[in-house]
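Q: Protein chains in written order, with the numbering used here: chain A, 1 to 423; chain B, 1 to 423.
Positions of the beta carbon are idealized from the N, C-alpha and C atoms, including for glycine.
Bear in mind that the values here come from a model prediction, so they are computed numbers and not experimental data.
Sharing a structure below in structure tokens format, with a few things to ask.
This is the structure:
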């Protein structure tokens, strides 16, 4: 394998045409699409249309005429195709953190209702220590609010299945870990939880758009996910939320099962009824008025993923991460770089991460050369491979650049040592 | 007073130049800026810059380089000037509904902490029956979640002050009513509540940008408000949240006093600490990652208001609503149109509302003539006067158009009777 082989693979790549749909800056190899996806070329025109024609000329009338009112559901229905859900089980709203709060509260309500029939109150939210912090914070905040013995219990990545017991109300996991890309077995953990009487909330932030997810097939309960990573929805794009139809039905008579009750989650928002009565549909997970500019950009981003197809993206993602891991290990082993992502591609998302004692300045030095990856505290070099626009040659060149930064010790320069940068 | 007088007033209007900053469609008199503000001409270019340069070229680096990370606080500091708050007491986040949930929960925590010292638990949230429904829903959802006797008590608009007693934990009011524009005496109710040991949460959705608000002078506790009405931030623009510095300090050791704990509310988000420790500042009212496109548009909208100044806007707003009320009463009294907004401008926000038994089709017929107001169930014709871009001649013409619709009975046409339209 050499660079020419990579170029040949890129020329034969069936996804090649999709890279042209993105406005990528010259001189940059972008390996941070799992933090902020790249800009689709079509986004600018769509946002301009929303601003100038729909808002500027249509004004308030566009809630109907431009169908703003059901844009969250229309984009949600597209995302449903990426996660194996029914089109009416997904909507877009708020942030991943807030959606997590909603579904976690709803799952605990379901458990509470079951307990009042069958006895045996369950009050443990089970998660993993290395989960993305916002997920843990949301659970801590909700447990504090509910009191009455609700707790968040944390175990190691591989200890989750064994830790599910008859006190577990909800298992809350991120499918693909943000720090090292390790992927949980979503169907197996869901099955194990159900067998033990627990429910599962999946955070698909680092999965959707890069890894196939089949929620219906797994009989999944609840899920949330992020719009600005592999979905290319733009900085701070709206998140999405999934609730299985059977749970929506079961919660129908419990108005505050989703406790963030807002007017757009009401069954008749424009009746202006002083009492809350939730929509019977996934709409009850909507709270206030969503940003239409942000949703329109997300809509374009989701289309880029749908156009390529998740299976083709997954195949290329595995090829890219495998190639990058091989090359980094060949070229950088002498410099104390150690793989932290799973070696087995079946257990890995679309990223390849390495530990290095000076990971922060090493990444800064690499970014200065135009290879944009990410640092994750305390010592992780994180490289995300968005298969829609990253090429085999990019993976090759990035590994070579990393080897060169380490060999020349670029990273020792004072300019690269400041921790002032926040991302 | 005749139409020529109105035109003369517009020519002499010191705010005249500000109308030119908006892209208003031809042939439309827009009296719904209190539902969705008009498009500032500068917004398109600013959003294009964010999309194409900051996102497209800067990619993830723009969180630092384009200062995305502190955009919520920068816009918040501008809004602080419009509501008489300190620049570090306001930030932009999420929706009005969600911000209401946060501040209501925080206010109840403060009361609970006081009670544990002084005794006398207060668990009543007091509001008015005619408050905007989402405010009531949010309080209902929070009371349900907290249980333990927390209740929402509703009284009439004029009964609030007298209903505050030693069981009242929080008074939650919208400063200017969405349906009829009636305005509460913010300083007086705040003082009355404080005297009785209660706290106050103000929803400024229909005030900010049209009515002067002086939160610090009133010793206000908490407030929220909307970005897409008089602030011209675009459809579903982010909302804002205010917490008095003294309360931020008092809540510092209570990590979940604001229970929607997310990573951007953490004191060190990029340390990725598994335990939540809130920022000491107003940042703790941030949850997940905000939409940068939406915030950039809001920033431009807020600038349009700052450029004009709230006092000048208020003076013109009073002139416009007074003129419109006079003309409608003169021309339409015979057709069963009845003023529901307060006649005293000191008790009225920037809207003029009338009751009519066929308000829905009347408004549809008026919109068909290019006079865009709003219908509010069950029988309200609502006309908002955004003084940045509405002219005296518009108020005159709108009253004449309403009189003509009523005289000719346009509204009886079947096309105007459908209630399918949602806004």
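Comparing C-alpha positions only, which one of A:292, A:414 and A:381 sits nearest to residue 64 of chain A?
A: As a working note, residue 64 of chain A is residue 64 in the first chain. Of the listed residues, the one whose Cα sits closest to residue 64 of chain A is A:292.
Q: Comparing C-alpha positions only, which one of B:327, B:404 and B:69 sits nearest to residue 353 of chain B?
A: Working through the second chain from its first residue, we reach residue 353 of chain B at position 353. Among B:327, B:404 and B:69, the Cα nearest to that of residue 353 of chain B belongs to B:327.
Q: Would you check if there are 3 or more beta carbon pairs closer than 8 Å linking the region 380-390 of chain B to the region 317-327 of chain B?
A: Segments in contact, yes.
Q: From residue 259 of chain A to residue 404 of chain A, what distance separates their C-alpha atoms?
A: Position 259 of the first chain holds residue 259 of chain A. Position 404 of the first chain holds residue 404 of chain A. Roughly 53 Å separates the two Cα atoms.
Q: Residue 263 of chain A touches chain B at which residues, Cβ-Cβ below 8 Å?
A: Counted from its first residue, the first chain places residue 263 of chain A at position 263. Per Cβ cutoff of 8 Å: 97, 132, 133, 134 and 137.
Q: In chain order, what residues of the same chain lie with their CB nearer than 7 Å to the CB of residue 398 of chain A, ignoring the 5 residues before and after it?
A: For the purposes of this step, residue 398 of chain A is identified with residue 398 of the first chain, where counting begins at 1. Here the set comprises 29, 31, 324, 371 and 383.
Q: Distance cutoff 8 Å, beta carbons only. Does residue 112 of chain A sit that close to anything in chain B?
A: For this step, residue 112 of chain A is matched to residue 112 along the first chain. Taking Cβ atoms only, chain B never reaches closer than 8 Å to residue 112 of chain A, which makes this a no.
Q: Whose Cβ in chain A lies nearer than 7 Å to the Cβ of residue 297 of chain B?
A: For the purposes of this step, residue 297 of chain B is taken as residue 297 along the second chain, with counting starting at 1. What residue 297 of chain B touches in chain A: 293.
Q: Compute the minimum distance between the beta carbon of residue 245 of chain A and the heavy atoms of the ligand GTP, and state whether it is under 7 Å.
A: Only the bare structure without any ligand can be found here, which leaves the ligand GTP out of the picture.
Q: Closer than 8 Å, CB to CB, is residue 422 of chain A near chain B or not?
A: The residue you call residue 422 of chain A lines up with position 422 of the first chain. The pLDDT assigned to residue 422 of chain A is 41, lower than 50, so where the model puts this residue is not dependable, and the model offers no usable value.
Q: Do you know whose CA, among A:147, A:99 and A:309, lies nearest residue 226 of chain A's CA?
A: Mapped onto the first chain, residue 226 of chain A falls at position 226. Measuring from the Cα of residue 226 of chain A, the nearest candidate turns out to be A:99.
Q: Pick out the complete beta strand (DSSP E) segments inside the region 291-377 of chain B, 3 residues or longer, and give them in chain order.
A: List check, beta strand (DSSP E) in window: 351-355 and 374-376.
Q: Compare the C-beta of residue 304 of chain A against all C-beta atoms of chain B and say whether one is closer than 8 Å.
A: Indexing the first chain from 1 puts residue 304 of chain A at position 304. It does not; no Cβ of chain B falls within 8 Å.
Q: Applying the criterion that 16 or more other CB atoms from any shown protein chain within 10 Å of the CB defines a buried residue, is residue 307 of chain A buried or exposed?
A: For the purposes of this step, residue 307 of chain A is identified with residue 307 of the first chain, where counting begins at 1. Exposed, because fewer than 16 other Cβ atoms sit within 10 Å of the Cβ of residue 307 of chain A.
Q: Could you please tell me which residues of the region 269-280 of chain A, in chain order, have their CB closer than 7 Å to any CB of chain B?
A: Hits within the stretch, in order: 270, 271, 272, 273, 274 and 276.
Q: Going along chain A, which residues have a C-beta under 9 Å from residue 94 of chain B?
A: The residue given as residue 94 of chain B occupies position 94 in the second chain. Correct list: 94, 95, 98, 287 and 288.
Q: With a CB to CB cut of under 7 Å and the five nearest residues on each side skipped, what residues in its chain are close to residue 329 of chain A?
A: Locating residue 329 of chain A in the first chain gives position 329, counting from the first residue. Excluding sequence neighbours, residue 329 of chain A sits near 339.
Q: In three-state DSSP terms, what is residue 270 of chain B?
A: As a position in the second chain, residue 270 of chain B is number 270, starting the count at 1. Note: residue 270 of chain B maps to helix in three-state DSSP.
Q: Determine, for residue 327 of chain A, whether the minimum Cβ-Cβ distance to residues of chain B falls below 8 Å.
A: The residue labelled residue 327 of chain A in the question sits at position 327 within the first chain. Not an interface residue.
Q: First and last residue of the alpha helix (DSSP H) that includes residue 137 of chain B?
A: For the purposes of this step, residue 137 of chain B is taken as residue 137 along the second chain, with counting starting at 1. Residue 137 of chain B -> alpha helix (DSSP H) spans 133-146.
Q: Considering only their Cβ atoms, is the gap separating residue 140 of chain B from residue 152 of chain B smaller than 8 Å?
A: The sequence position of residue 152 of chain B within the second chain is 152, counting from 1. The sequence position of residue 140 of chain B within the second chain is 140, counting from 1. Closer than 8 Å, so yes.
Q: Residue 236 of chain A and residue 40 of chain A: beta carbons closer than 8 Å?
A: Counting from 1 along the first chain, the entry for residue 236 of chain A is found at position 236. Counting from 1 along the first chain, the entry for residue 40 of chain A is found at position 40. No. Outside cutoff.
Q: Going by DSSP, name the residue or residues bridged to residue 69 of chain A.
A: Stepping through the first chain from its first residue, residue 69 of chain A is reached at position 69. Looking at the DSSP assignment, residue 69 of chain A forms no beta bridge with any residue, so it has no partner.
Q: Would residue 294 of chain B and residue 294 of chain A be called neighbours here (beta carbons separated by less than 8 Å)?
A: By one-based count along the second chain, residue 294 of chain B stands at place 294. By one-based count along the first chain, residue 294 of chain A stands at place 294. Yes; because the gap between Cβ atoms is below 8 Å, this pair is in contact.
Q: Are there 16 or more other CB atoms within 10 angstroms of the CB of residue 420 of chain A, so buried, or fewer, so exposed?
A: Here the question's residue 420 of chain A lines up with position 420 in the first chain. For residue 420 of chain A, the predicted structure reports a pLDDT of 48, less than 50, and the residue's modelled location is therefore unreliable. A value from the coordinates is still provided. Exposed is the call here.
Q: Determine the DSSP secondary structure at residue 20 of chain A, reduced to helix, strand or coil.
A: Stepping through the first chain from its first residue, residue 20 of chain A is reached at position 20. Coil at residue 20 of chain A, not helix or strand.
Q: Using 8 Å as the threshold, is the C-beta distance between residue 126 of chain B and residue 164 of chain B below it?
A: Start at 1 with the first residue of the second chain, and residue 126 of chain B comes out as number 126. Start at 1 with the first residue of the second chain, and residue 164 of chain B comes out as number 164. The answer is yes: Cβ separation under 8 Å.
Q: Whole angstroms are fine: how far does the CA of residue 287 of chain A sit from the CA of residue 267 of chain A?
A: Sequence index remark: in the first chain, residue 267 of chain A carries index 267 (1-based). Sequence index remark: in the first chain, residue 287 of chain A carries index 287 (1-based). In a straight line, the C-alpha of residue 267 of chain A is about 12 Å away from that of residue 287 of chain A.
Q: Quick one: does residue 207 of chain B have its CB under 8 Å from some CB of chain A?
A: Against the second chain, residue 207 of chain B aligns to sequence position 207. False, the Cβ-Cβ gap to chain A never drops below 8 Å.
Q: Taking 8 Å as the CB-CB cut-off, is residue 428 of chain B touching chain A?
A: No statement about residue 428 of chain B is possible, as the shown extent of chain B runs from 1 to 423 and does not include it.
Q: Can you grab the Cα-Cα spacing for the pair residue 265 of chain A / residue 134 of chain B, in whole Å?
A: Within the first chain, the letter at position 265 stands for residue 265 of chain A. Within the second chain, the letter at position 134 stands for residue 134 of chain B. Taking the straight line joining both Cα atoms gives about 9 Å.
Q: So, at 8 Å on beta carbons, what are the nonlocal neighbours of residue 245 of chain B in its own chain, with the 5 sequence-adjacent residues on each side left out?
A: By 1-based counting over the second chain, the position of residue 245 of chain B is 245. Here the set comprises 86, 88 and 89.
Q: Going by Cα to Cα distance, which pick from A:373, A:413 and A:181 is closest to residue 36 of chain A?
A: The residue labelled residue 36 of chain A in the question sits at position 36 within the first chain. When each option's Cα is compared against that of residue 36 of chain A, the closest is A:373.
Q: Assign residue 344 of chain A to buried or exposed, taking buried as 16 or more other Cβ atoms, counted over all protein chains shown, within 10 Å of its Cβ.
A: Within the first chain, the letter at position 344 stands for residue 344 of chain A. The residue in question, residue 344 of chain A, is exposed, as its Cβ has fewer than 16 Cβ neighbours within 10 Å.
Q: Report buried or exposed for residue 176 of chain B, applying the criterion of at least 16 other Cβ atoms within 10 angstroms of its Cβ.
A: The count along the second chain starts at 1 and reaches residue 176 of chain B at position 176. With 16 or more other Cβ atoms within 10 Å, it is buried.
Q: Report back the beta-carbon spacing between residue 193 of chain A and residue 211 of chain A to the nearest angstrom; my notes put them in contact at under 8 Å.
A: Taking the first chain and counting its residues from 1, the one referred to as residue 193 of chain A is at position 193. Taking the first chain and counting its residues from 1, the one referred to as residue 211 of chain A is at position 211. Not a contact, Cβ separation roughly 20 Å.
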